[in-house]
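Protein chains in written order, with the working numbering: chain A, 73 to 440; chain B, 9 to 160.
Where is the CB? At the ideal position from N, CA and C, for every residue including glycine.
Values in this document were obtained by computation on a predicted structure and should not be read as measured data.
What follows is the structure in C-alpha cells.
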C-alpha cells in the first residue's frame, strides 16, 4: 500500500541555538529534504539609521559597536572612514596603524566565534566552542587594555583612535602573537583531521561563484568560492597599502572551504599585526578636530572596510549640521543572507544548521 | 591599487549612446537617471563589456522632502571600478521606481528595506513586503516627516 506524503512547514526560531541570534526561518520539508525557505528577520531592529540622524558624529561611534557585536572594531573603522572622507580629515599614521591592528585582532576574534559555532552546530557541544572562546578572551583582554571595554569598544574616533596604547599593551600583544600560531595549528588539526567533521562539511552547501556575485555576497563566502576579492587589497584604506598579506581563496565553495578560508585569514591577520608592531611610528594618534564635527552642506561619502563578514559600508549624507542627514549602513550579513535559498534548498535538515553557520551572519547587523 | 570611481561625464556618454534621453541631470561628480529608465540603464551597465558592473554593492535611499533619491553603487571586479548612479523620485505618497531584482538578485532585501523604512515601492519586485518591521506598522520611519510615538 503506498504511503501518502505531504510537505510540512516548520518554523525554526526565533529562539533557536543554531540561528546565531533571533532569526526565524520558515522551512518547508519534504521528508528530511528542504524544499523551500523563507527567512524572517527584524527581531533585533533598533532603528540604528534613524538614531544616527539624531546624534552627533562622535556619538554615532557607540551605535556602530552594536551592529555586529562580535566585531565592533571594524564597525568603528568603517564609520570613521566615512566621516573622514566626508570632511577630508587626514588621520595621523600612528592612529592608522593602531586601527589596523585593532581591526585585525577583531577579525581573529570574529573568525574564532564563527569556527567555534561550526563545531557546536556539528554537535560537538560546548568544549570546542570554549576552546575558541578562550582564545578570543585573550584578544578581548588586549582590547580592554586599549580602551577599557571588551565588546562594545568605541575605540576609534573620526580622525584616529581615542587613546594611544598603554605601555603594557605591547608586551601583552607580543606574548599573544608568539602563542597564537600554535593554537591555530591545534584548531586546524581539530577541524581538518577529524573524519566526522569532514564528512559533514566537505561537499555540503556548495555555492557557485556567479550566483554569489549576482546576490551581492561578500567576504569569506565569496573568497571560498574562488574569487580573490578583498577590499583591503582592492580599495586599501588606512595603512593596508603598505602591508603584506595574502588573500586565501577556496576552490569548491563548500562549508569546508568557507572555514578553511577563515582559518587562513586568521593567520594572515597575525602576519599583519606583526608587521604593524614592527612598523608603527611615534606621534599623535588622533587628528586635531573641533569637539563637534560639522561636515560641509551637501557632502556625501562612502566609507567601506572588509569586515570579518564582508563589505561593511557607511553611506553618509551631510546637511551642514552636527548630525548626518542620512546614515545608510551597507551590512554584509544582510546581503550574504540573500543567497540563503541556494544554500539550503535541496539539503537535509541537519545540514541546514551547518550551512547557515558557515555564512557567519550576525543578527545585530542584519536587523540594525 | 584603489577602486576608481568613473566620472559622471564619461558614464553619461556611455549611457546616452545606448539610451538617449535617459539622463536627467549631470554634474561633475553626480549623475541622475530618469526613474523609468533605471532598470534598462542598469542592465546595460552590467552587460556592457567596457563597464561590466556585475556586482551591486548597495542601494540607498535619501529623503529630501520634495523628492526621494535612490542611489545605486555598483562595482566591476574585472576593472576594479565603481559607479554611483542616482535617480530622483518625486512624490510623498508611495512613489515607484522599476526594480533591478532581475538584473541583480542581490537587490531583493535592499529594495524591501527601502520600501519598509522609506516608503518607495519597486515595480516588478515579486515580494514587495516589509522586511524589518511588521505588516501594519504605521508609516515609514526613515522619512523625515515620520512622527515618533514617543519623544526621546
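Residues sharing a beta bridge with residue i, DSSP
i	result
residue 261(A)	According to DSSP, residue 261(A) bridges with nothing at all.
residue 110(A)	98(A)
residue 70(B)	77(B)
residue 130(B)	105(B)
residue 42(B)	Paired residues: none, contrary to the question.
residue 95(B)	41(B), 78(B)
residue 83(B)	63(B), 90(B)
residue 290(A)	The partner list for residue 290(A) (beta bridge, DSSP) is empty, contrary to what the question assumes.
residue 435(A)	In DSSP, residue 435(A) forms no bridge with anything.
residue 382(A)	379(A)
residue 420(A)	105(A)
residue 165(A)	According to DSSP, residue 165(A) bridges with nothing at all.
Chain B contact for residue i (CB, 8 Å cutoff)
i	result
residue 117(A)	yes
residue 281(A)	no
residue 406(A)	yes
residue 75(A)	no
residue 312(A)	no
residue 299(A)	yes
residue 302(A)	no
residue 410(A)	yes
residue 285(A)	yes
residue 374(A)	yes
residue 243(A)	no
residue 296(A)	no
residue 307(A)	yes
residue 288(A)	yes
Nearest-angstrom beta carbon gap, residue j and residue i [assumed within contact, 8 Å]
i	j	result
residue 172(A)	residue 411(A)	29 Å between Cβ atoms; not a contact.
residue 416(A)	residue 106(A)	5 Å
residue 149(A)	residue 377(A)	5 Å
residue 439(A)	residue 92(A)	The pair is not a contact, with the Cβ atoms about 13 Å apart (cut-off 8 Å).
residue 80(B)	residue 50(B)	7 Å
Which of helix, strand or coil DSSP assigns to residue i
i	result
residue 21(B)	helix
residue 92(A)	coil
residue 87(A)	coil
residue 297(A)	coil
residue 395(A)	coil
residue 131(A)	coil
residue 408(A)	helix
residue 155(B)	coil
residue 144(A)	helix
residue 114(B)	coil
residue 251(A)	helix
residue 156(A)	helix
residue 241(A)	helix
residue 274(A)	coil
residue 229(A)	strand
residue 342(A)	helix
residue 104(A)	coil
residue 167(B)	Residue 167(B) cannot be examined here, being either before or after the span of chain B that is shown, 9 to 160.
residue 137(B)	coil
residue 203(A)	helix
Residue i beta carbon near the ligand PLP (any heavy atom closer than 7 Å)
i	result
residue 248(A)	The ligand PLP is not part of this structure, which contains no ligands at all.
Short CB-CB distance (under 8 Å) between residue i and chain A
i	result
residue 136(B)	no
residue 35(B)	no
residue 80(B)	no
residue 70(B)	yes
residue 116(B)	yes
residue 41(B)	no
Within chain C, partners of residue i - CB distance below 8 Å
i	result
residue 439(A)	The chain labelled as chain C is not found among the protein chains of the depicted structure, namely A and B.
Near-chain A residues of the stretch 52-65 of chain B - C-beta to any C-beta below 8 Å:
Per Cβ criterion, the list reads 62, 63, 64, 65.
Give me the subset of the stretch 83-114 of chain B whose CB atoms are less than 9 Å from a CB atom of chain A, sorted by chain position.
Listed by position, the residues of the stretch 83-114 of chain B near chain A (Cβ gap below 9 Å) are 83, 85, 88, 90, 92, 111, 112, 113, 114.
Select from the stretch 140-152 of chain A all residues with a C-beta closer than 9 Å to any C-beta belonging to chain B, and list them in chain order.
Cβ contacts with chain B come from no residue of the stretch 140-152 of chain A.
Listed in chain order, which residues of the stretch 104-134 of chain A have Cβ atoms closer than 8 Å to some Cβ of chain B?
Correct list: 113, 114, 117, 119, 121, 122.
Listed in chain order, which residues of the stretch 377-406 of chain A have Cβ atoms closer than 8 Å to some Cβ of chain B?
Here the close residues are 383, 385, 387, 389, 397, 398, 400, 402, 406.
Output, in sequence order along the chain, the residues in the stretch 118-150 of chain B whose CB is closer than 7 Å to any CB in chain A.
Flagged, chain order: 139, 140, 141, 149, 150.
Residues, ordered as in the chain, of the stretch 248-279 of chain A that lie near chain B by beta-carbon distance below 7 Å:
Within the stretch 248-279 of chain A, no residue has a Cβ that lies closer than 7 Å to any Cβ of chain B.
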